[in-house]
Structure formats: structure tokens, C-alpha cells
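Visitor:
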């Protein structure tokens, strides 16, 4: 019997995936455990294996295509099996049909009074149009901004056509139509921000009466006296006449014209300040891909034009540039504020002597094919210390406190787009070289955006190190739901007092940020004392 395979949810925040590569073809025999495809999520590119034996009968999403979670990905079954019944579209868009909403509302109201709640009938509101709402494109998305509309009122759209580009708290994403028909109404204009589930658009038959549906949509609808009533058939007719009379050469500088490019290519172009309209695509149907942007070389004309746009500030005149906050920056601000003001932070600072640690590291690195860093020593020391101070390795809930017996240390890694925190699991059971190898591997994968969700989840404690940038001392915001985070500064060579004599030594400052709900001052101080003993005498960690 044929088995339907849908686009899997490979991370907790994944809403859609891109098929990066198919490793089998239609007609190939597959077994349980065989890798079917490589799927690119919002966090990494991951292999997806088959959970069934049989023959690959159908591929629903081609290479390079993006689809929402639970979209038909493939069908596996017996050779020559009839799957026509499975290919018939039976799934709806997930939205409750407008008629059902009205009927339900009328049924509820009829139990109280006889008068209908809406001044309409089922004959006026039928299946001739579909209400499109602002989609939730990420698990943290609360509102979205329409960056651009790729179709206009009166245009014919097909299922799968890109309607608009929507900026979320994580990225700017293309939003496609799940319906066929005419774009009858736009509820959110370019540049406007609206809550999730706000009225975005209406698609349906050209003669559909959608006015009442817009009026009764809810608090997000445009007042009826401000709705521009457009005769769609007339608009289509006028558009057709104009298109038949005029042939306009597309301008590469027209920002409103749609550019066929991958989201990654657009992102790179924006970062490099490259006009995406000037890049020639090498992908299917002229689609601009990552390599096209990276290999793009502006012509002399382009360079001259760009130079004329340079803004030069006159001497003695104040000037500034304002940059719109992206949805990602808003999300970062919101989460850091929640952590800072929901968890009562306090800070404990201590200075460690590092002479023994320096000698220990030099001896360790003298071994063949062995390289460890001071950060690796600190992570190992933290892991052992946490086993002795479980309150620092705890999590706070409103009705209970969880004391973790396992130690998973998160290590903050800076990437061009921001910050990620891969997790060293069971760090107390790993050697210092093993920890160093994992940190290097995670840092490399983070730069290539190859970290899997499992590699960034489950930390019980976090270490942040800015010492390599010459930062001697700093404080961090707790990475909730952890109870503490350790900030590691640089090693400083300076005069120190040893045995009542001033000599040259090496010191390092560390600051522990604690959640006072779980970690009291004495508890945090005792943890730092234990940590100090291990870092200042690393050989004790080998016992």
C-alpha cells in the first residue's frame, strides 16, 4: 500500500523547507533508513530518511522548491501501484471556510434570538472567493510587514504563484497563493505592518461579492467607507487594453518589478549593497542564485552611478542615518528584555591567577596533534564545578525548581548574522581536547549555517568569552531557561603580589550573572570558589 510522505518538521521553529537535493529518483527502490533527500530548514541543511520500504512513485516537491511543513513531499509504494487517488487535492488551506463561519455564528445566535447577526445570506457569500490572512511564518512571529506586492488587484493568480514578500521577525519570505482566481482586494499595503491573521487579501471569481466579508472580517478590516470599490471586470478589461497598446521595456531600476531570485541571494545582495536587478541569473528560468551575487562585478557605468549617490557630510555639520529595525532585531530586543526583566539578575566578579593555566596549556599543546584553548579549560572547569553546585545548574518554573543532574554547557559563538549557542552535552564527562574539538566543529558549522536544532538546544549553563577581542571584563544576559551565565575576559599581564612581593603575573577576570530566584549570593560565590580552584590548578581536573 502506498505511503504519503509529507514535508517534515525538522526543527521546532521550522514552518517550511527547501528541497536542496533528491538522492533517489522516481522508480528507484528505497528501504527503511535510506536517505531520500537533503532538506534546508531555517537553521541547517539536514538529511531526511525513509521510514518505509518500496518504490519511489512520486515526487511532490522538486529540487530548489520551497514548501510548507506537511506539504506532499513524495509517495512510496509498490511498483506500478495506482496513486491517482492520492494525488487528488483533498486538503484544504487550513482556514475555516467563510460560509462555515457565518453558519456557525448564525446557529449560535439562533439559540438566543431569532434575528440574524449578518445582513446577508448564504447565496451572497459562497465559495466564489477566499479570504487570505497574514500568515504565521515563524513560531515567534506576532506581526508581519508587507515588503512588496508581486501582483496587483485584478491580476489572475494561480496556486503556487508568489503573492507578496513578507518581512517577519527572522527573515523576509515569499508568500505564495494556495488558491486560483483573481486578486480582488488588498488589505495590507506595501510597508504596512499588521498582526498575524489580519486580513491580507481576497482571491476569487471576478464577479464575486466580497464587500460584506471584508466589512465583517473583524477589528483588522478597513472601514467600509474607505474601501475602494473597483469593478474587477472593468479593471481587467482596461489592463488588457493598456497591455495591448503599450510594450514597455523593463527597467532594471524598477524596485516594484519582481526579481526571480532565491532568498539567500537577496540577502547577500543586500549585505553587499548590490542592486539585485543588475545581477544576471544562472539558475532555472534565469533565477538568481547565491553564486551569481557572489561573482557579480559591477560595470564601470554602475560604479559611476553608485559614486554619484555617495552622501558626503560637510565639515562641522551634524548628520545621521536612520535604519529601519528589522523583524529580527525587534525579536532580539524583545527576548533580551524579557530575560533581563523577568529574571532578577545580579553579578559576581572574581579575578583568577592564570600562570599555572598557561603552563598547563603549553605542556598539553606540546603533545602531538593536541591543541586546547583557555576557553576549553574554562568550559571543562565549569562542567565539573556545576556537578558540585546543582543550584547553579538549575531551571526556574513558577511552581517548582528543576535541579539538572546532567551538565550541558552552551558556548556562545558569534556569526555574521548575530549569535548562536551550540551545546556541549555531558561536558563533565568529556576531556579537554574533546571539548575543544567540539567547540571548533560547532563554530565552523555555525559559520556555514549547518548547525542542527539538537545541537543548539538543552543547555543548562552558558559560557560567553570575549577575551580574544581584548575585553577584560563584561556582563552577560542570562540565556533562559538557564539560571546563570559566565562571562570570560582576556588574560592580562600585569604586576601582582605573591608572597608579599610584587612580581609580573597573568590574571583573568570572570563575571557570573545569576538568576536570584534560583541562585543566592552565597551559592554563586561558592561556585566561583570551586571554579577558581580548577582553573588556577588545571591538573586537578585530570584526577
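Residue numbers (my numbering): 3 to 545. Ideal placement from N, C-alpha and C gives every residue a C-beta, glycine not left out. What you are looking at is a predicted structure, and each value in this text was computed from that prediction instead of being measured.
(1) Under three-state DSSP, which class holds residue 393?
(2) Taking its Cβ as the centre, do 16 or more other Cβ atoms sit within 10 Å of residue 485, making it buried, or is it exposed?
(3) Examine the Cβ distances between the segment 277-291 and the segment 413-427 and report whether three or more of them are shorter than 8 Å.
(4) Taking the alpha helix (DSSP H) that residue 88 falls in, what are its first and last residues?
(5) At what residues does the alpha helix (DSSP H) containing residue 523 begin and finish?
(6) Could you check what DSSP says for residue 195 in three-state terms: helix, strand or coil?
(7) Whose CA, out of 156, 177, 199, 139, lies closest to the CA of residue 2?
(8) Return the first residue and the last residue of the beta strand (DSSP E) that residue 502 is part of.
(9) For the beta strand (DSSP E) that contains residue 556, what are its first and last residues?
(10) Quick one: is residue 147 buried, meaning 16 or more other Cβ sit within 10 Å of its Cβ, or exposed?
(11) Flag this pair as yes or no: are the beta carbons of residue 178 and residue 164 separated by less than 7 Å?
(12) Considering residue 20, what are the terminal residues of the beta strand (DSSP E) in which it resides?
(13) Determine the contact status of residue 28 and residue 74, defining contact as a CB-CB distance below 7 Å.
(14) Alpha carbon to alpha carbon, what distance is there between residue 363 and residue 483?
(15) Alpha carbon to alpha carbon, how far is residue 80 from residue 167?
(16) Is it a yes or a no for the segment 52-69 touching the segment 30-38, going by three-plus beta-carbon pairs under 8 Å?
(17) Would you mind stating whether residue 149 and residue 174 have Cβ atoms separated by less than 7 Å?
(18) In this structure, does DSSP put residue 266 in helix, strand or coil?
(19) Which residues in the same chain as residue 17 place their Cβ atom closer than 7 Å to its Cβ, once the five residues preceding and following it in sequence are excluded?
(20) Could you work out which residue in 77, 264, 454 is closest to residue 49 when comparing CA atoms only?
(21) Excluding sequence positions up to five away, which residues of its chain have a Cβ less than 6 Å from the Cβ of residue 135?
(22) Whole angstroms are fine: how far does the CA of residue 47 sit from the CA of residue 342?
(23) Excluding the five sequence neighbours on either side, which residues of its own chain have a C-beta within less than 8 Å of the C-beta of residue 465, listed in chain order?
(24) Excluding sequence positions up to five away, which residues of its chain have a Cβ less than 8 Å from the Cβ of residue 207?
(25) Less than 8 Å between C-beta atoms, sequence neighbours within five positions excluded: which residues of the same chain meet that for residue 428?
(26) Alpha carbon to alpha carbon, how far is residue 66 from residue 22? Give it in angstroms, no decimals.
(27) The alpha helix (DSSP H) with residue 296 in it runs from where to where?
(28) Near residue 159, which residues of its chain fall below 8 Å by C-beta distance, leaving aside the five closest residues on each side in sequence?
(29) CB-CB under 7 Å to residue 550, same chain, minus the five flanking residues each way: which ones, in chain order?
(30) Can you confirm whether the segment 500-512 touches the segment 343-355 when touching is taken to mean that 3 or more C-beta pairs between the two stretches lie within less than 8 Å?
(31) Return the chain-ordered list of same chain residues with a C-beta closer than 6 Å to the C-beta of residue 99, the five sequence neighbours on each side being excluded.
(32) Got a sec, what are the start and stop residues for the beta strand (DSSP E) residue 362 sits in?
(33) Check whether the Cβ atoms of residue 271 and residue 291 lie closer than 7 Å to each other.
(34) Rounded to the nearest angstrom, what separates residue 534 and residue 515 at their Cα positions?
Guide: Well, looking at it:
(1) By 1-based counting over the chain shown, the position of residue 393 is 391. In this structure, residue 393 counts as helix in the three-state DSSP scheme.
(2) Here residue 485 is taken as the residue at index 483 of the chain shown, counted from 1. Counting Cβ neighbours within 10 Å, residue 485 comes out buried, since at least 16 surround it.
(3) no
(4) Walking along the chain shown from the start, residue 88 turns up at place 86. Unbroken alpha helix (DSSP H) run through residue 88: 86-89.
(5) Locating residue 523 in the chain shown gives position 521, counting from the first residue. Taken as a continuous stretch (DSSP letters only), the alpha helix (DSSP H) holding residue 523 covers 523-538.
(6) Along the chain shown, one-based indexing puts residue 195 at 193. Here residue 195 sits in strand by DSSP.
(7) Residue 2 lies beyond the range of the chain shown here (3 to 545); nothing can be said about it.
(8) Position 500 of the chain shown, counted from the start, is the residue given in the question as residue 502. That residue, residue 502, is in no beta strand (DSSP E); it is neither H nor E in DSSP.
(9) Because the chain spans 3 through 545 in this model, residue 556 falls outside it and cannot be assessed.
(10) The count along the chain shown starts at 1 and reaches residue 147 at position 145. Under this definition residue 147 is a buried residue.
(11) For the purposes of this step, residue 178 is taken as the residue at position 176 of the chain shown. For the purposes of this step, residue 164 is taken as the residue at position 162 of the chain shown. A contact, by the Cβ cut-off of 7 Å.
(12) Reading the chain shown from its first residue, position 18 is the one you call residue 20. Its beta strand (DSSP E) spans residues 18-24.
(13) By 1-based counting over the chain shown, the position of residue 28 is 26. By 1-based counting over the chain shown, the position of residue 74 is 72. Result no, Cβ atoms of residue 28 and residue 74 do not sit closer than 7 Å.
(14) Here residue 483 corresponds to residue number 481 of the chain shown, with the count starting at 1. Here residue 363 corresponds to residue number 361 of the chain shown, with the count starting at 1. Taking the straight line from one Cα to the other gives about 33 Å.
(15) Start at 1 with the first residue of the chain shown, and residue 80 comes out as number 78. Start at 1 with the first residue of the chain shown, and residue 167 comes out as number 165. Those two C-alpha atoms are separated by around 41 Å.
(16) yes
(17) Position 147 of the chain shown, counting from 1, holds the residue named residue 149. Position 172 of the chain shown, counting from 1, holds the residue named residue 174. Their beta carbons are under 7 Å apart, which means residue 149 touches residue 174 by this criterion.
(18) The residue labelled residue 266 in the question sits at position 264 within the chain shown. DSSP places residue 266 in helix when its eight states are reduced to three.
(19) Your numbering for residue 17 matches position 15 in the chain shown. Result list for residue 17: 70, 71, 139, 140, in chain order.
(20) Counted from its first residue, the chain shown places residue 49 at position 47. Minimum Cα distance to residue 49 is reached at 454.
(21) As a first step, residue 135 is located in the chain shown; it is residue number 133 there, counting from the start. Around residue 135: 199, 202.
(22) Taking the chain shown and counting its residues from 1, the one referred to as residue 342 is at position 340. Taking the chain shown and counting its residues from 1, the one referred to as residue 47 is at position 45. So the two alpha carbons sit approximately 33 Å from each other.
(23) For the purposes of this step, residue 465 is taken as residue 463 along the chain shown, with counting starting at 1. Hits under 8 Å: 377, 380, 381, 384, 411, 412, 413, 414, 487, 488, 490.
(24) As a working mapping, residue 207 is identified with position 205 in the chain shown. Excluding positions up to five away in sequence, the list reads 130, 131, 183, 184.
(25) Here the question's residue 428 lines up with position 426 in the chain shown. Result list for residue 428: 408, 409, 410, in chain order.
(26) Along the chain shown, one-based indexing puts residue 22 at 20. Along the chain shown, one-based indexing puts residue 66 at 64. Approximately 6 Å, taken between the alpha carbons.
(27) Indexing the chain shown from 1 puts residue 296 at position 294. Segment 292-296, the alpha helix (DSSP H) holding residue 296.
(28) For the purposes of this step, residue 159 is identified with residue 157 of the chain shown, where counting begins at 1. The answer, listed in chain order, is 153, 165, 179, 181, 182, 183, 184, 185, 205.
(29) Because residue 550 is not part of the residues shown, which for the chain are 3 to 545, the question remains open.
(30) yes
(31) Residue numbering aside, residue 99 sits at position 97 when the chain shown is read from its first letter. Low local confidence applies: a pLDDT of 44 at residue 99 is under 50, so the model's placement there is unreliable, with the coordinate-based value given in what follows. Excluding positions up to five away in sequence, the list is empty.
(32) Mapped onto the chain shown, residue 362 falls at position 360. From DSSP, residue 362 is part of no beta strand (DSSP E) but of the alpha helix (DSSP H) over 357-367.
(33) Translated into positions along the chain shown, residue 271 becomes position 269. Translated into positions along the chain shown, residue 291 becomes position 289. No, the Cβ-Cβ distance between residue 271 and residue 291 is not below 7 Å.
(34) As a position in the chain shown, residue 534 is number 532, starting the count at 1. As a position in the chain shown, residue 515 is number 513, starting the count at 1. Their Cα atoms are separated by approximately 16 Å.
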